[in-house]
Ligand code: BES
Ligand code: ZN
Ligand code: ZN
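Numbering (the numbering used here), first residue to last: 93 to 548.
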């Protein structure tokens, strides 16, 4: 869906939207006629309440929107879906998140049905328009990628999306595919070989050599049936979203490149489908990973960490100054922090703290969980260096993160996000379906990181 249609940089003809809190409302100066209209409608500026003020000719002139206890984000998201189609402007100052929620609330995935939804367009000043539309385009793209069914977003779908992105921003794309993976990316090959579409490792390179290196790795499991350890029907139902990490990484890469941030970017996406077939990898198989560690397969449904491991090893070979991965890695993460918060793990305390600060500032919730080393023993294998999962159901997000840590070079600052990438139900600004998570926090962090690392 095109995010740009919800914003414009000209203000002519726009109606005014006026947000007001319940506290400020009783003493708000306004003319007698308007006061009478609002009172007659029982308006008290509670969250989501609205009053439409018309001219004598019957034209909608402006709208009062209740913001309750100064909840301008929610008020913005609610107004954006409830007011008539048209162009609006606000004279008040809003957070970037509130301005983004204007379009995020109106998002609908309509690639597979006819749509004639009303469009409410917000007039912004030029600087805001540029910044907000770049962000909204990245976030909309993340949602679209996740919402696209696996039939149209298999490994080849991810290649196609990456190719379009690379072309748009003059980035280099490198694809390692099918049998070519067997020798150097054994886990990506093993997990993906049973599917009709060949597995691949997608790599995108962009930026100048003198800029600090950032590696972004995203889990691209286009559908996770569980493999031979098949998921049940309800567990499988949403698994088109198991490429949610790849979608975050593509959206973030677009956002970085569109702003021309002084970063040398390396994006890696292991793109596979975890399918069932005669040549599927099995429980009890042993994989020799790219870094030569051997892994015994305890459960073929713990496939994400396997494909991510090969990609993380590759990412570390270029010695990035910063390595971030995004994965829909475990069901356990949402048991720990719920579906709206991304679990964060890091081998670098300063990095984790800075990220948390930025996440709090832009209201993109993340929460750090520990890389508690003693739990590594839960992955002990009797015949290989480790297992890909533990028999125990405790601490599942932590053991998965500890597994990944085994494939990250120790002195490279690394962050791992284990996320849902999906809104379970409709809430203002967050329609049910694929969702961008943690990347607004990371984008804010990267702005500061660029300034610090290369003083630009
Ligand atoms: N893709 C799933 C994790 C997942 C499930 C994320 C539901 C979000 C919602 C992952 O590949 C998986 O199946 N993990 C297993 C690991 C287990 C077999 C050790 C899990 O979490 O149950
Ligand atoms: Zn799985
Ligand atoms: Zn998975």
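For each residue, glycine too, the CB sits at the ideal point set by N, CA and C.
For residue i, report the span of its beta strand (DSSP E) as first-last.
{"i": "residue 306", "result": "305-310"}
{"i": "residue 89", "result": "Coverage of the chain is limited to positions 93 through 548, which leaves residue 89 absent and any answer about it impossible."}
{"i": "residue 261", "result": "From DSSP, residue 261 is part of no beta strand (DSSP E) but of the alpha helix (DSSP H) over 247-261."}
{"i": "residue 142", "result": "142-146"}
{"i": "residue 506", "result": "506-510"}
To which residues does DSSP link residue i through a beta bridge?
{"i": "residue 267", "result": "294"}
{"i": "residue 158", "result": "112"}
{"i": "residue 215", "result": "100"}
{"i": "residue 515", "result": "525"}
{"i": "residue 152", "result": "146"}
{"i": "residue 234", "result": "BP columns for residue 234 are empty, so no partner."}
{"i": "residue 315", "result": "365"}
{"i": "residue 205", "result": "According to DSSP, which records beta bridges pairwise, residue 205 is partnered with nothing at all."}
{"i": "residue 223", "result": "DSSP lists no partner for residue 223."}
{"i": "residue 138", "result": "Beta-bridge pairing links residue 138 to no other residue."}
{"i": "residue 107", "result": "180"}
Which two residues bound the contiguous alpha helix (DSSP H) that contains residue i?
{"i": "residue 534", "result": "531-546"}
{"i": "residue 300", "result": "Neither: residue 300 is in no alpha helix (DSSP H) and is coded neither H nor E."}
{"i": "residue 280", "result": "278-284"}
{"i": "residue 178", "result": "Where residue 178 is concerned, there is no enclosing alpha helix (DSSP H), although the beta strand (DSSP E) it sits in stretches over 178-181."}
{"i": "residue 346", "result": "336-350"}
{"i": "residue 164", "result": "164-174"}
{"i": "residue 128", "result": "124-132"}
{"i": "residue 289", "result": "It is not in any alpha helix (DSSP H) - residue 289 carries neither H nor E in the DSSP assignment."}
{"i": "residue 198", "result": "188-198"}
{"i": "residue 331", "result": "Note, residue 331: premise wrong, no alpha helix (DSSP H); not H, not E."}
Should residue i be listed as close to ligand 5, given that the test is whether its C-beta is under 8 Å from any heavy atom?
{"i": "residue 161", "result": "Ligand 5 is not part of this structure, which contains only ligand 1, ligand 2 and ligand 3."}
- [ ] Report the residue ranges of all alpha helix (DSSP H) runs contained in full by the segment 380-447; include only those spanning at least 4 residues, in chain order.
- [x] 396-409 and 423-429
Open item on the list: I'd like the ranges of any beta strand (DSSP E) spanning at least 3 consecutive residues and lying wholly in the segment 437-503.
Closed with: 458-460
Task: Any residue whose CB is nearer than 5 Å to a heavy atom belonging to ligand 3, listed in chain order - done: 313, 316, 334 and 396
Task: Inter-stretch contact at 8 Å, needing at least 3 Cβ pairs: the segment 223-238 / the segment 335-343 - done: yes
Open item on the list: Tell me whether the segment 261-280 and the segment 393-409 touch, counting them as touching only if at least three CB pairs, one residue from each stretch, are closer than 8 Å.
Closed with: yes
TODO: Please determine if the segment 190-207 and the segment 462-480 are in contact, where contact requires at least 3 C-beta pairs separated by less than 8 Å.
DONE: no
Open item on the list: Between the segment 347-365 and the segment 424-432, can you find at least three pairs of beta-carbon atoms closer than 8 Å?
Closed with: no
Open item on the list: Assess contact between the segment 314-325 and the segment 362-380, defined as three or more Cβ pairs (one per stretch) separated by less than 8 Å. Is contact present?
Closed with: yes
- [ ] Would you check if there are 3 or more beta carbon pairs closer than 8 Å linking the segment 437-453 to the segment 326-337?
- [x] no
Open item on the list: Using 8 Å as the cut-off, can you tell me whether the segment 479-492 makes contact with the segment 388-396, which would need three or more C-beta pairs spanning the two stretches below that distance?
Closed with: yes
- [ ] Say whether the segment 497-514 touches the segment 260-270, bearing in mind that this needs 3 or more beta-carbon pairs closer than 8 Å, one atom from each stretch.
- [x] no
- [ ] Check whether the segment 161-181 touches the segment 112-121, taking contact to mean three or more Cβ pairs, one atom from each stretch, closer than 8 Å.
- [x] yes
Open item on the list: When you compare the segment 449-467 with the segment 525-540, are there three or more beta-carbon pairs, one atom per stretch, that lie closer than 8 Å?
Closed with: yes
TODO: Inspect the CB distances between the segment 124-133 and the segment 245-264 and report whether three or more fall short of 8 Å.
DONE: no
TODO: Mind the definition here: the segment 287-305 touches the segment 210-228 only if three or more C-beta pairs lie below 8 Å; say whether that holds.
DONE: no
TODO: Answer yes if the segment 308-316 comes into contact with the segment 360-367, meaning at least three C-beta pairs across the two stretches below 8 Å, and no otherwise.
DONE: yes
Task: At least 3 beta-carbon pairs within less than 8 Å: the segment 251-266 vs the segment 287-298 - done: yes
Open item on the list: Within 8 Å, do at least three Cβ pairs link the segment 129-139 to the segment 253-263?
Closed with: no
- [ ] Determine, using beta-carbon pairs with one atom in the segment 495-507 and one in the segment 170-184, whether at least three such pairs fall under 8 Å.
- [x] no
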